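These notes concern the structure reproduced below.
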Amino acid sequence: MSDGGYRIEQPFGRETSPCSRSATRHPQSDIRNPPSAIHAMPPLYVLQQGARLRLNNRRLQVELEGQPLTSAPLAHISQVVLFGNVGLTTPVIDTLLLRGVEVVFLSQDGRYRGRLVGEVTPHVPLRRAQYSRLSEPGFVLRMAQGFVAAKLAHQRALLLRHNRERQDPQVSACAASIRQALDQAARKTSLMSLNGLEGAATAAYFRAYRLLIGPEWRFERRARRPPPDPVNVLLSFGYTLLAQASSGAAQAVGLDPYAGFLHEVAYNRPALALDLMEEFRPVVDGVVLWCCRGGLLTPADFTPGPPERPVVLGEAGQRRFLQAFETRLEQRFTHPIRRQQFPLRQCLLEQARQVAERILHGPPGFQGMGFR
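Structure, rendered in structure tokens:
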């Protein structure tokens, strides 16, 4: 992790957003603008079992049996992600809570367990508006259509990009069916029909994805709870990381990550976080393709496990996957509304801001990113 400096991006304001209305805003209704540069920083991942985190001269130091393994400046850490048996000293907990740096706890094999977050002052006007919008069927449908369209566009782009040289007609046919679904999404008149369309398109997408991955990985279809093969293990691992980033982005701008539009609101389901991550799922899919086809990971990196997790990715494989995942999230793209370049990680935050802007000031809808 670099010790270099960073700059604070300008906040997402009325002058830069086509979603804004001309009406005068009340200051309490403005969207929360967390320090953008901090959210652009990568997390600190700690996988070494038995490790412990301590403070050392404004740095977060990872130790094992009293010996330092690595360290990073506190100012350059957006999140701390702990895998399995990793400990924190009380001063570390106190400092991270004061700085607003969340700690995410995962099992040793990457399953979500919980998070430690400092006190967040609720953005009451925004959340009241968010809950009110949920009772507007037209608004909900338009937002959901935007989330689905963004996801389908990126799924199709991934298939076309990876099929450019191989020219597999089955992959081309699946991409064409996703194109048709994309055209139909805006004409759907209910969430049920929209979800059915999205489900069929995603099934076609993974049929093509299986062909791109290659037969040596024995990937047949997307499956989870538990993932039955190495590719599904990687997809679930990546989606878990993405879901935590999406939830953090929603909370950072003042939104309730549990009150979504595309995903049904239900107990203990972070529906809005799932909405936000939809268009970024193909980012994870691309990283998995890169790891599997590029030789960064091989089937030998996985071992059999117990029935509740029949396939397990080893620690060395986890490290290589996380490196590939972070490399992708550090790539910069131009945000369609801000008209500025941001690391892909920060684009999640900007998309959360877009949702907040539309909730408060309209119009309904969602404009997806144009990343490749």
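Residue 372 in this note's numbering sits at position 372 of the sequence shown, and the numbers go up by one each step.
Ideal Cβ placement from N, Cα and C applies to all residues, glycine included.
Model, not experiment: these values are computed from the prediction.
Is DSSP giving residue i helix, strand or coil here?
i      : result
GLN341 : strand
PRO43  : coil
VAL140 : helix
GLN67  : strand
LEU106 : strand
GLY114 : strand
ALA352 : helix
VAL288 : helix
ARG332 : strand
ARG25  : Because ARG25 carries a pLDDT of 42, less than 50, the predicted location of this residue cannot be relied on, and the following value inherits that uncertainty. ARG25: coil per DSSP, three-state reduction.
PRO215 : helix
PRO282 : helix
PRO73  : strand
VAL148 : helix
PHE206 : helix
SER20  : Only weak support exists for where SER20 lies, its pLDDT of 37 falling under 50; the coordinates are left without a value.
SER36  : Only weak support exists for where SER36 lies, its pLDDT of 48 falling under 50; the value from the coordinates is given anyway. Looking at SER36 - three-state DSSP - the assignment turns out to be helix.
MET369 : coil
Indicate whether residue i and residue j have their beta-carbon atoms separated by less than 7 Å.
i      : j      : result
LEU53  : LEU88  : yes
VAL287 : LEU235 : no
ALA203 : LEU348 : no
ALA243 : MET277 : yes
VAL46  : LEU96  : no
ARG221 : ASP229 : no
VAL171 : LEU211 : yes
LEU272 : GLY260 : yes
LEU159 : ALA208 : yes
VAL148 : ALA185 : yes
PRO42  : GLU326 : yes
GLN331 : LEU344 : yes
VAL311 : VAL233 : yes
LEU69  : PRO91  : no
CYS292 : ILE213 : yes
ARG115 : VAL104 : yes
Candidates the options: which alpha carbon is nearest residue i's?
i      : options                           : result
GLU350 : GLU315, GLN251 and ALA153         : GLN251
TYR239 : ARG111, ALA186 and GLU357         : ARG111
GLN180 : SER193, ASP168, GLN170 and ARG156 : ARG156
ALA324 : GLY294, THR202, GLN170 and ARG353 : GLY294
ALA300 : GLU216, ALA72, LEU96 and GLY100   : GLU216
LEU126 : GLY362, GLN49 and ALA356          : ALA356
LEU296 : ASP285, ARG320 and THR303         : ARG320
SER190 : ALA173, ARG113, GLN145 and PRO226 : GLN145
PHE237 : PRO257, GLY314, GLU279 and ASN163 : GLY314
LEU74  : LEU194, ILE93 and LEU64           : ILE93
Decide if residue i is buried, meaning its Cβ has at least 16 other Cβ atoms within 10 Å, or exposed.
i      : result
MET143 : buried
ASP183 : exposed
CYS19  : Annotation note: pLDDT 40 at CYS19 (below 50); position unreliable, coordinate value reported separately. Buried, since its Cβ has 16 or more Cβ neighbours within 10 Å.
SER78  : buried
MET192 : exposed
GLN354 : buried
VAL124 : exposed
SER132 : exposed
GLY368 : buried
GLN130 : buried
GLN341 : exposed
Check whether chain D comes within 7 Å of residue i, counting only Cβ atoms and requiring the distance to be less than that.
i     : result
ARG58 : The chain labelled as chain D is not found in the depicted structure, where only one protein chain is given.
What are the complete alpha helix (DSSP H) segments, minimum 4 residues, inside the segment 230-279?
Those alpha helix (DSSP H) runs which fall completely within the segment 230-279 and span 4+ residues are 230-252 and 271-277.
To test your reading of the DSSP string, which unbroken beta strand (DSSP E) runs of 3 or more residues are found completely within the segment 296-326?
With a minimum length of 3 residues, the continuous beta strand (DSSP E) runs that stay inside the segment 296-326 are 302-304 and 311-313.
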